Amino acid sequence: MEQTNCFHCGDPCENESITFDEKSFCCNGCKTVYEIFHENDLTCYYDLQQAPGATPKEIEGKYNFLEQEAIIDKLLEFNDGQTQIVTLKIPHIHCSSCIWILENLNKLNPNITASQVNFGQKTVRATYKTTTFSLKELVLLLSSIGYEPYISLEDYNTGKNKVNRSLIYKLGVAGFAFGNVMFLSFPEYFEVNEFWLDQYKGLFRWLMFAYSLPVVFYAGRDYFISAFKGLRSKILNIDVPIALGILVLFVRSTIEIMFDLGAGFFDSLTGLVFFLLLGRFFQQKTYAYLSFERDYKSYFPIAVTKLDQGEESPIQVYDIQQGDRLLIRNEELIPVDAILINGNANVDYSFVTGESESVHKASGDKLFAGGKQTSGVIEVEALKSVEQSYLTQLWSNDVFNKNKEDAFTTLTNTISKRFTIAVLSIAFLATSYWMFVDMSKAMNVFTAVLIIACPCAIALAAPFTLGNLLRIFGKLKFYLKNASVIEQLAQINTIIFDKTGTITANKKSTANYEGIQLSREEEALLKSSLRGSNHPLSRSLYQLLAEHQIVPLTNFEEHLGKGIVAADGSNTIKIGSPAFVGQVSALPELSTSVHISSNDQYKGKYTFYNSYRPGLSKLFNQLKRTFDLVILSGDNEGEAENLKKLLPTKTKLIFNQKPQDKLEYIKYHQSEGAKVLMVGDGLNDAGALAQSEVGIAISEDINVFSPACDAILDAGKFNQLNDYIMASKSAIKIIKWSFIFSFIYNVIGLYFAVTGQLKPVIAAILMPLSSISIVIFTTVATNYLGRKLK
C-alpha cells in the first residue's frame, strides 16, 4: 500500500489519515492550520514549498506569563500605549514559505500592521496595535500555525544572545578523533607487519571506525542536514558535495574493514571534517569581527543640543547620559527615551511604527526614542543613555534586520547553484574514468574533487572587501548605511549637489540686515523661532543674531523649501522667501536672503555672503574628469557668477528649485540612464536623497537625522569626496581580482584531484587555507586603500 504523507507538514500519516478539501493530513492540528490559511486566502503558502509546515503543539496556559506588564516591558522594543513592536525568535523558520506566511501575518489578524523576517537569525519583527491585540495573542497566533516562538527572558534582560558553543564542541570531538585515528594509523603508514599484523590490525581498524562514528553523526551532521534541506527544496547548496564526500569516505572505509579489504580512509574522513569545521570556525570568528566593526555606526555624527544652565552645546548621541536636559528642534529625532519638560510636542513615530499620524504630548509625558518632533522646539530630560543600535535600525529599517551573514550566505548559494552542478559533474566523470583505470584511486579522486572545489573562497571575497572598507570609511568620518552602498557608489556617473549647507560653510557665513528696525520683542521672537529650525540658513542666522531671552512659542510651523511661521501669543512672525512672507518684487533677487514679516507687516531681509567650503574648486575639477556635475539649489541666481568662477566649465547650475523639483529632476535623469549621487544637507533634500542611487548628507555641528540618506559625510571631509568614490571603484576591482585568484586556485586544485594526486585530507586542509588567503588579500588590499585615503 502506498504511504500517504501529510499535505501540511510532510510527515507520513501513520494511522488513518484525515481528509479535508481532497487533501490528507496526519492530525487535526495540521488540518486546522490548513483551514486557517484556506479561510484567509493564504494557501499560496503550499505553492512556494512542498509540505513546509510544522504540527502545532498543545500550549494551553504556557504563555500566561505574557499577561504581566513587567515581563512584557522587557520583551518589547517599542510601546507608546497604542502600538507595540517585538522581535521573536522562531526556530521553525527554514524556507521561502515560512518567510512568506510570517510576512503576511496581517492577513491572519488585521491588528498586526507589519511583520518582517530575518531568515538568518530566524526571527520575526512584528508591529501591532495594542488597543485590540496583545503580545500573548500574537504568540498564540504564531503557535497556532506551527511557528511557536522561543522566548528566553534571560536573553532579553541582558540584551545579548547566548554564545552558541555547539561548533566548538563539534570541533573538539572531530579534533580528538582525528588525532587518535592518525595515531592508530601509524602501523599502516609504516607497513608494520609480523606481531601487529596478526594480533592488533583488526582492533586498530575497528577503533578507528569507532572514533569516526561521532565525527560523522555528530560533528558532521550539520552538513547532512543542510544538504537534505537543500535537496528537499530542490536547491543544490554548497553542503551537498561536502556531505556526499563524507558519506562516500565513511561507507567505503566501513566496507573495507568489514571485508578486510584494507584500512579504509578514516584518517582522511576525520581530518576532512576537522578541517572543514576549523574553516567554519574561522569564518564564524571573522563574521563576529565584522559584526563588531559594523558597530562603527555607533560613531556616526548624529548630534542634539544639550542644555546646561541655560547654555546650548552640541552633544553626540552616544554621550547622552540619564538626566541630561536636551533641546529637540523641529524635524529632529528624539534619540533616547525621555520626559517632556517644556514645549509643544507633536511626535511622529512613523520611523518606528509606520504610522505617520503625529501624537500630541503634554509636559510630563514619556517620549520614546525614534519619534520625530514636528511642531517647533521642545526640551526633554533623558531617561537613559542612547541605544545606538536602535537609532541605526531607524536609519536603515529595511536592511538593518538582515544580518551580514545572511547576505554572505545568499552570495554563496547564488554561486553554488551552477558551481555545484559543475563540481558534481567533474567528480562523477573523473571517478568513472578512474574506476576503469585504477579502482583504488577512484574514491579518493571523487572525494578530493568535491572538497577542493568548494567555492567558499569566492563567496568570501565581496563581504570581506566591502566590510573592511566600510570600517575604514567609518574611521575617516564617512558613514555608510550598509555595504551595498559601496557597490552603488562605484557605479554612479552623475553627481548632483545642493548649494546652501552643502558646498557652503555655514560657520563662516555673514549677513547684513536691510529694512525696518526690529523691536526687542520681535528680535526675541525671531531668535526663538530660528532656534526651532534645522535649515542651514536658520542655523547660520541664529548664530549671528545677538543674545536674547528665549520666549516660549504658542505656534511653530516649518514649511520645507519656503519658510517658518511662529507666534508667542501676542506676535506672529514669518521668516523665509519674499513670496512666503508676502513681499512681492518685480525684480529678481540676486543674493541669498532671508526675509521677515511681523504681524503681516514686511520688515526687511538678512542678506548672506556665502563662504564656500575649502577645496571646493579642486574637488569639482577632480570630479569633472569622470562625472557629470550639477548644482541644484533652492536659492536664487545671485551666486551664479561666483560659482562659475569657482567651478569647471559645463557644470550645470540650476536655481529656484523646490524639494519636489529636485526629486523630479533626478527621476527624469535616471530614466535617461543616469546613476545619480545626490549630496545635500539632509532636510530639504530628503526626497532627492531618497530618489538617487546614493544619497549623502553633509553634517556640521548639529546634525539632522535623515533615514532618507545612504551615507553621512562629516563636513570637514567634504573635499575628499572624490577619494571615497575612487576607493569604492577600487574595492570592486579587488573583488574581481579575488574571484580570479579563487578561480585559478580551483582550476589547479581540480587538476591534482582529477589526476589522483590529491588526498581528501590534503584537500580539506587546503580548502580553509584558500578562504584565509582570500581574507588576507582583501584585508591587505583594502587597508592599503585606507592608507591612501588618509
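So the sequence shown is numbered by my numbering: it starts at 295 and just counts up by one.
Virtual Cβ for every residue (Gly too), placed ideally from N, Cα, C.
Treat the numbers as computed from the prediction; the structure is a model and nothing was measured.
Which residues DSSP lists as bridging residue i, in chain order
i: residue 861; result: 849, 866
i: residue 605; result: 602
i: residue 948; result: 926
i: residue 319; result: 312
i: residue 902; result: 805, 886
i: residue 418; result: 382, 411
i: residue 540; result: The partner list for residue 540 (beta bridge, DSSP) is empty, contrary to what the question assumes.
i: residue 377; result: 423
i: residue 299; result: 306
i: residue 673; result: 621, 636
i: residue 970; result: 788
i: residue 368; result: Beta-bridge pairing links residue 368 to no other residue.
i: residue 666; result: 627, 642
i: residue 774; result: 1005
Cβ-based neighbour list, residue i, same chain, cut-off 6 angstroms, excluding 5 preceding and 5 following
i: residue 824; result: 832, 835, 836
i: residue 692; result: The predicted position of residue 692 is uncertain, since its pLDDT is 45 and thus under 50; a value taken from the coordinates is nonetheless stated next. Nothing meets the Cβ criterion.
i: residue 312; result: 319, 325
i: residue 399; result: 406, 409
i: residue 696; result: For residue 696, the predicted model reports a pLDDT of 40, less than 50, meaning its position is unreliable and no value from the coordinates is stated.
i: residue 735; result: 728, 1050
i: residue 567; result: 468, 509, 513, 514
i: residue 387; result: 416
i: residue 877; result: 889, 896
i: residue 953; result: 854, 855, 978, 981
i: residue 677; result: 631, 632
i: residue 804; result: 903
Close-in-space but distant-in-sequence residues of the same chain around residue i (CB under 7 angstroms, 5 per side omitted)
i: residue 359; result: 365
i: residue 871; result: 856, 857, 889
i: residue 417; result: 381, 382, 383, 384
i: residue 397; result: 409, 410, 411
Beta-carbon gap between residue i and residue j smaller than 7 angstroms
i: residue 990; j: residue 1005; result: yes
i: residue 1076; j: residue 763; result: yes
i: residue 502; j: residue 542; result: no
i: residue 638; j: residue 673; result: no
i: residue 932; j: residue 886; result: yes
i: residue 797; j: residue 910; result: yes
i: residue 642; j: residue 662; result: no
i: residue 1168; j: residue 743; result: Not covered by the structure: residue 1168. The range shown for the chain is 295 to 1084.
i: residue 848; j: residue 826; result: no
i: residue 1025; j: residue 780; result: yes
i: residue 1032; j: residue 755; result: yes
i: residue 782; j: residue 598; result: no
i: residue 946; j: residue 970; result: no
i: residue 611; j: residue 629; result: yes
i: residue 838; j: residue 821; result: no
i: residue 675; j: residue 828; result: no
i: residue 1064; j: residue 1045; result: no
i: residue 563; j: residue 506; result: yes
i: residue 1022; j: residue 1008; result: no
Nearest neighbour of residue i, chosen from the options [CA to CA]
i: residue 1085; options: 798, 356, 509, 956; result: Any question about residue 1085 goes unanswered here, given that the chain covers just 295 to 1084.
i: residue 1003; options: 327, 773, 900; result: 773
i: residue 718; options: 340, 535, 945, 657; result: 535
i: residue 463; options: 481, 515, 493, 614; result: 515
i: residue 891; options: 806, 628, 812, 722; result: 812
i: residue 1018; options: 1042, 917, 979; result: 917
i: residue 496; options: 472, 552, 473, 518; result: 552
i: residue 664; options: 323, 379, 302; result: 379
i: residue 963; options: 308, 731, 787, 659; result: 787
i: residue 893; options: 860, 350, 523; result: 860
i: residue 544; options: 1082, 560, 600; result: 560
Close-in-space but distant-in-sequence residues of the same chain around residue i (CB under 8 angstroms, 5 per side omitted)
i: residue 434; result: 353, 357
i: residue 401; result: 334, 335, 336
i: residue 843; result: 818
i: residue 1013; result: 907, 908, 909, 910, 912, 913
i: residue 306; result: 297, 298, 299, 300, 320
i: residue 451; result: Any reading at residue 451 must be qualified, since the residue scores a pLDDT of 43, below 50, and its modelled position is unreliable; the value itself is stated next. The answer, listed in chain order, is 368.
i: residue 929; result: 793, 794, 886, 949, 950
CB contact below 7 angstroms: residue i versus chain D
i: residue 904; result: The structure shown contains no chain D, having only a single protein chain.
query = In chain order, which continuous runs of the beta strand (DSSP E) of length 3 or greater are located wholly inside the region 973-1042?
reply = Listed in chain order, the beta strand (DSSP E) runs fully inside the region 973-1042 are 988-993, 1005-1008, counting runs of at least 3 residues.
Counting only runs that start and end within the region 607-663, where is the beta strand (DSSP E) found for 3 or more residues in a row? Fully enclosed beta strand (DSSP E) runs of 3 or longer: 619-622, 632-636, 639-642, 652-655.
Notebook entry, point to check: Can you give, in chain order, each stretch of the alpha helix (DSSP H) that sits fully within the region 787-840 and has at least 4 residues?
Noted result: Those alpha helix (DSSP H) runs which fall completely within the region 787-840 and span 4+ residues are 814-825, 830-838.
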